[in-house]
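Novice:
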Amino acid sequence: MIKLGIIGAMTVEVKTLKQQMSGMCVSKRAGMEFFDGHLDGLPAVIVQCGVGKVNAALCVQILCDCFGITHLVNTGVAGSLCAQLDIGDLVISQDAMYHDFTCHALNPNYKVGQIPGLDVAAFPADDLLVRCAESAAQKIHPGHVRVGRIASGDQFVASKEQKSQIVSDTGALCTEMEGGAIAHAAWRNKVPFVIIRAISDKADDSAQMDYPSFEAAAAERCANVTQCLASQLKNAE
Ligand code: ADE
Numbered sequence: 024m025i026k027l028g029i030i031g032a033m034t035v036e037v038k039t040l041k042q043q044m045s046g047m048c049v050s051k052r053a054g055m056e057f058f059d060g061h062l063d064g065l066p067a068v069i070v071q072c073g074v075g076k077v078n079a080a081l082c083v084q085i086l087c088d089c090f091g092i093t094h095l096v097n098t099g100v101a102g103s104l105c106a107q108l109d110i111g112d113l114v115i116s117q118d119a120m121y122h123d124f125t126c127h128a129l130n131p132n133y134k135v136g137q138i139p140g141l142d143v144a145a146f147p148a149d150d151l152l153v154r155c156a157e158s159a160a161q162k163i164h165p166g167h168v169r170v171g172r173i174a175s176g177d178q179f180v181a182s183k184e185q186k187s188q189i190v191s192d193t194g195a196l197c198t199e200m201e202g203g204a205i206a207h208a209a210w211r212n213k214v215p216f217v218i219i220r221a222i223s224d225k226a227d228d229s230a231q232m233d234y235p236s237f238e239a240a241a242a243e244r245c246a247n248v249t250q251c252l253a254s255q256l257k258n259a260e
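Counting the sequence shown from 1 gives a position; this note's numbering is that position plus 23.
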């Protein structure tokens, strides 16, 4: 039986999903509120983890240890790293990695994102969740969905120089601040995951202007995809 953990970093990313939950029990750990109940009939826990990689990883560990989740989704907004991805478009993770982790100076064989001792640099998302998320995304915003890599770091990316560095280091479609850590923590716990993101800005010199204008609509679209995914998983059971 599936129990879906759903993580968003900010209020705007989780607020409507919380409103859709039924039979909720709320508890607090590490300063985060966990809403444990049902979403479209599927057992689910929704939580706002806060911005950044450490918050995200902590949250995954709590979901695994204390709430018995079997599957994990991260929903939220992202900056586009590719010309074909416009504001409002949707990205589903094939895999996720860090763009701000490097041990290159220690050993030039270490690529960006590669963590010494781990045999993967990009953490693969679960095939079934990716397929379900992609079909949910196509229902919500037909023709505006891409599946590919997501690159995360503890930085809001807002310059074309930084953007092109991240693209050449990672080949990712979009960038945000939690997905890589959620993928990493899920991978270590052997919990299948997928990241669903909607584009709020282009991660270049226009990002500071665009982000506040498009954040809410993008977050809402992504939450709708997540809800649609939950309902598909419920029907697949
Ligand atoms: N989330 C949304 N836009 C972003 C950006 N440009 N950089 C990092 N995280 C983001």
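Even for Gly, the Cβ is constructed at its ideal location relative to N, Cα and C.
Per the DSSP calculation, residue 58 is bridged to which residue(s)?
Specialist: Per DSSP, 49 and 69.
Novice: Just tell me which of 195, 68 and 190 has its CA closest to the CA of residue 50.
Specialist: The residue with the shortest Cα to Cα distance from residue 50 is 68.
Novice: Could you give the first and the last residue of the continuous alpha helix (DSSP H) run that contains residue 202?
Specialist: Unbroken alpha helix (DSSP H) run through residue 202: 202-211.
Novice: By DSSP, does residue 163 sit in helix, in strand, or in coil?
Specialist: Looking at residue 163 - three-state DSSP - the assignment turns out to be helix.
Novice: Between residue 88 and residue 190, what straight-line distance do the alpha-carbon atoms span, to the nearest angstrom?
Specialist: Computed Cα separation, rounded: 35 Å.
Novice: Return yes when the C-beta of residue 102 is under 7 Å from any heavy atom of the ligand ADE, and no when it is not.
Specialist: Within the cutoff, so yes.
Novice: Terminal residues of the continuous alpha helix (DSSP H) containing residue 251?
Specialist: Note, residue 251: alpha helix (DSSP H), 230-259.
Novice: On the DSSP bridge list, what partners appear for residue 193?
Specialist: According to DSSP, which records beta bridges pairwise, residue 193 is partnered with nothing at all.
Novice: In three-state terms, what does DSSP make of residue 90?
Specialist: Residue 90: helix per DSSP, three-state reduction.
Novice: Does the distance between the C-beta of residue 234 and the nearest non-hydrogen atom of the ligand ADE fall short of 7 Å?
Specialist: Answer for residue 234: yes, Cβ within range of the ligand ADE.
Novice: Any heavy atom of the ligand ADE closer than 7 Å to the CB of residue 56?
Specialist: The answer is no for residue 56.
Novice: With DSSP as the reference, label residue 264 as helix, strand or coil.
Specialist: Within the shown structure, residues of the chain are numbered from 24 to 260, placing residue 264 beyond reach of any answer.
Novice: Residues in its own chain within less than 6 Å of residue 47 by CB, not counting five upstream and five downstream?
Specialist: Counting only Cβ-Cβ distances below 6 Å, and skipping sequence neighbours, we find 58 and 60.
Novice: For residue 179, is the beta carbon positioned less than 7 Å from some heavy atom of the ligand HEM?
Specialist: In the structure on display, the ligand HEM does not appear, and the ligands it does have are the ligand ADE.
Novice: Considering only the alpha carbon of each residue, which of 234, 174 and 127 lies closest to residue 120?
Specialist: Looking at the Cα atoms, 174 is the closest of the given residues.
Novice: Is it the case that the CB of residue 182 approaches a heavy atom of the ligand ADE more closely than 7 Å?
Specialist: Not so, every heavy atom of the ligand ADE lies at least 7 Å from the Cβ.
Novice: Measure from the alpha carbon of residue 148 to the alpha carbon of each residue in 114, 239, 43 and 45, then state which is nearest.
Specialist: Considering only alpha carbons, the answer is 114.
Novice: If distances are taken between C-alpha atoms only, which option among 78, 202, 93 and 172 comes closest to residue 256?
Specialist: Closest option to residue 256, Cα to Cα, is 93.
Novice: What does a CB cutoff of less than 7 Å around residue 208 pick up in its chain, not counting 5 residues either side in sequence?
Specialist: Closer than 7 Å at Cβ, skipping near neighbours: 80, 83 and 84.
Novice: Out of curiosity, what's the CA-to-CA distance linking residue 97 and residue 26?
Specialist: Each residue's alpha carbon lies about 14 Å from the other.
Novice: In chain order, what residues of the same chain lie with their CB nearer than 7 Å to the CB of residue 134, ignoring the 5 residues before and after it?
Specialist: If we look at residue 134 and ignore the five residues flanking it on each side, its Cβ neighbours are 144.
Novice: Would you decide whether residue 232 is buried or exposed? Buried here means 16 or more other CB atoms lie within 10 Å of its CB.
Specialist: Residue 232 comes out exposed.
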